[in-house]
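According to our numbering, the residues represented by the sequence shown are 66 to 543, in order.
Read through the structure below, which is laid out as structure tokens, and then see the notes.
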Amino acid sequence: MPEAPHPASLLETLSRITGPAGLLTGADAAPMLTDWRGLYHGAALAVLRPGSTAELSECVRACAAARVAMVPQGGNTSMVGGATPDESGRQIVVALTRMNRVREIDTTDMTMVCEAGLVLKAAQDAAREAGALFPLSLGAEGSATIGGVLSTNAGGNTTVRYGNARELMLGLECVMPDGAIWHGLRRLRKDNTGYALRHLMVGAEGTLGFMTAAALRLFPLPREEAVALCAVADEAAALALFRRLRDQDEGAVRAFEYMSAGSLHLVLDHVPGVVLPLAARAQHYVLVDLASSRPDAGLRALLENVLEAAMEAGEVLDAALAESVAQRAAIWKLREEHPEGQKRAGASVKNDVSVPVSAVPEMVRRSSEALMRLIPGSRPVPFGHLGDGNIHMNLAQPLDMDPQAFLARSHDIMDCVNAIVREYGGSFSAEHGIGRLKTDMMQDWRGGAELCAMQAIKAALDPLGLMNPGKVLPMGRG
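Here it is in structure tokens:
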């Protein structure tokens, strides 16, 4: 086997391929070596910023020849350390932010082809300008990239209606671990031609190859919308309201978000510019968002009738229906600022879990009680996507506890919740991915035949183990 090139020689090669703008080192690279929450800090030989798929292909070949590992990074919004290099200083961070073009929009086929470095909000805007909707929506959409949301199979607020990122993807273009380019940008709804490699790539967090472009599904723009914030009696009442809406018109429910008092009140207390449009604070809230591409769908009347019946049943205690676009945005701001409210209130441990929708009320209640027993004085702050069973079962530190001492209990906290989630056949990672944070859980939750299959796929596609090592699979398994 020929001797691997010296790192300095590799950097010269990479700079020659991409040009000076394509390679960052030293202080210029520093912001990309720490995750956005400041929990993971790494080091790297350089940050690579290729300008095209062809450039990335050449760079991957060069890194493979040098036996240098590569870590993909989109908007650096990972919640699990999936886009941060290790501390060795021997890895290359691959940021596709220069590859941010919309290549094509077809409103007959209702598809959009865009590059992996395109920010999600820019993709939404491009679709809207063409008269269509790209529905994936999440709190980090102003920073997260198309490649990042596909690599983690992100869900977000509208999964109940449109599905996860995987369901919104038709085809991919990828650079494989050996530098080969896979041209899979097919815009087909039906294509049964062998194994679905595109579905392996989605959710793999860059461990099997780097996405460079994606063909995405578009939908008609909504022409009627109805949004309400409701105070509900308890978690079970929140589920009962969801069932009422689903039974009336399942296709109209664009989002159904649960918010505990613990979490929403941190937003009200710590985030400027938010206002609760209800008569008084409550213990449990839901945000209801209905939408239709028909201008005469009668969504407001539907929502009013359902809320009236739910109030008579004692499920809904109070409700505020948005009367304008500005009021809809104000209600959504209450939901979108939950991460910021928790951040401003001190340290918190994030726990992104999912259970069958029917199990959400009991899981939230039991988990909250168990967490308060585990760490007395801690503050459960659950919120999330009740409509698809994904709840962020987060915990805020006790007010009198040192933040670092609290964060040192992170795995105890996650284990406490996950034991309950497991009883309901749930998952310890709903939409945030595995990254570095949760790799040690994979053996326990996905061991045996499932993990062995993942290991075999990783070994087949990335035999040198250079693609985002230490993420998704436990170390020693790829």
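Virtual Cβ for every residue (Gly too), placed ideally from N, Cα, C.
Heavy atom of the ligand ADP within 7 Å of residue i beta-carbon
i    : result
C295 : The model depicted lacks the ligand ADP and carries no ligand whatsoever.
Outcome for residue i when other beta-carbon atoms lying within 10 angstroms are tallied against a minimum of 16
i    : result
D100 : buried
P285 : exposed
E496 : buried
M66  : The predicted position of M66 is uncertain, since its pLDDT is 44 and thus under 50; no value can be drawn from it.
P404 : buried
K523 : buried
G543 : Legend: pLDDT at G543 = 42, less than 50; position of this residue unreliable, value from coordinates given subsequently. Flag for G543 reads buried.
H349 : buried
Y227 : buried
Pick from the options that is closest to residue i, judged by C-alpha positions
i    : options                   : result
L368 : L386, V351, A344 and L382 : L386
A160 : E488, G213 and Q407       : G213
G490 : G454, R102 and K503       : G454
N229 : I485, R474, H450 and A524 : H450
K254 : P463, L281, N483 and G274 : The displayed chain sequence assigns Arg, not Lys, to residue 254. R254 has its Cα closest to that of L281, out of P463, L281, N483 and G274.
W397 : N459, D417, M376 and M324 : M324
S433 : I478, N141, D334 and R474 : I478
A130 : R155, D243 and A303       : D243
R155 : A188, V381, A109 and I170 : A109
A461 : H476, G452 and G442       : G442
Sub-8 Å separation of residue i and residue j beta-carbons
i    : j    : result
E270 : T217 : yes
L237 : L201 : no
A111 : L76  : yes
D354 : V292 : yes
R163 : G182 : yes
R501 : Y105 : yes
P468 : H457 : no
G84  : L98  : no
R288 : S358 : yes
T142 : A205 : yes
L382 : A298 : yes
Where the beta strand (DSSP E) through residue i begins and ends
i    : result
S325 : V318 to S325
Y260 : Taken as a continuous stretch (DSSP letters only), Y260 belongs to no beta strand (DSSP E), as it is neither H nor E.
V159 : I157 to A160
Boundaries of the alpha helix (DSSP H) in which residue i is found, first to last residue
i    : result
A119 : T118 to A130
D527 : It is not in any alpha helix (DSSP H) - D527 carries neither H nor E in the DSSP assignment.
P337 : Unbroken run through P337: none, as it is neither H nor E.
A209 : First-last for A209: undefined, no H or E at that position.
Residue i - DSSP class collapsed to helix/strand/coil
i    : result
D243 : coil
G543 : The predicted position of G543 is uncertain, since its pLDDT is 42 and thus under 50; a value taken from the coordinates is nonetheless stated next. G543 falls in the coil class under three-state DSSP.
L439 : helix
D480 : helix
S357 : strand
M66  : Caution applies to M66, whose pLDDT of 44 falls short of 50 and renders its modelled position unreliable; the value that the coordinates give is listed next. Correct three-state label for M66: coil.
N276 : Rather than Asn, the amino acid found at residue 276 in this sequence is Met. If DSSP states are grouped into helix, strand and coil, M276 belongs with the strands.
L283 : coil
T78  : helix
E402 : coil
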